[in-house]
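One structure is given below, encoded as structure tokens.
Now the structure itself:
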């Protein structure tokens, strides 16, 4: 019987990308792909279970960002915090969330501001409760500590800077 441990290399989605100088980066990329899709599914299904169906992952992120800290936000604020380059994506979400009466808009001088409505805040509270029950408890039951999760998050943020810089370089070619 062959020993599979001897035959498996890095777990990647594209072997040809893992054949370069840093195969571990391909492992991270595949992990990010899997995590991104799982996280997106989670957000959509958690919002639906919280009583707000038909929101996309971006809509959900935008709603939670607007709800954060109870302060009105600008389109530029939201795009910056969520690292969304195409502001049209955020604009579309804002229109959708306003149509659903989860957010409302106002003005500060000439600048448009958005803020969460009571219905939007309620949806965020229900999402948080569902997250605590279904996700946080599950993660807490594993051997992953809060410190380890924070370290992983810091490293992912640092890697995002490398990808942003490489994207700028690629755009200039």
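Residue numbers (this note's numbering): 170 to 342. C-beta: ideal position from N, C-alpha, C; glycine also.
- In this chain, the alpha helix (DSSP H) harbouring residue 227 covers 226-236.
- Of the candidates 323, 297, 284 and 182, the residue whose Cα lies closest to the Cα of residue 198 is 182.
- In the structure shown, the three-state DSSP call for residue 198 is helix.
- Look at residue 180 here: in three-state DSSP terms it is coil, with no helix or strand label.
- Listed in chain order, the alpha helix (DSSP H) elements of length 4 or more contained wholly in the region 237-297 are 244-251 and 256-268.
- Going by DSSP, residue 333 is part of the alpha helix (DSSP H) stretching over 315-340.
- For residue 214, the closest of 279, 263, 299 and 267 by C-alpha to C-alpha distance is 299.
- By the neighbour-count definition (other C-beta atoms within 10 Å, threshold 16), residue 203 is an exposed residue.
- Looking at the backbone, the Cα of residue 271 and that of residue 187 are separated by about 44 Å.
- In the three-state scheme derived from DSSP, where H, G and I count as helix and E and B as strand, residue 302 is classed as helix.
- Listed in chain order, the non-local C-beta contacts of residue 221 below 6 Å within the same chain comprise 292, local neighbours out to five positions each way being set aside.
- The alpha-carbon of residue 212 is positioned some 26 Å away from that of residue 180.
- A direct Cα-Cα distance of roughly 23 Å separates residue 235 from residue 329.
- With distances taken between CA atoms, residue 297 lies nearest to 218 out of 275, 218 and 321.
- Within its own chain, the residues whose Cβ lies closer than 7 Å to the Cβ of residue 260, once the five positions on either side in sequence are excluded, are 244, listed in chain order.
- Only residues of its own chain outside the window of five on either side were considered, and among them 275, 282, 283 and 284 have a CB closer than 7 Å to the CB of residue 241, listed in chain order.
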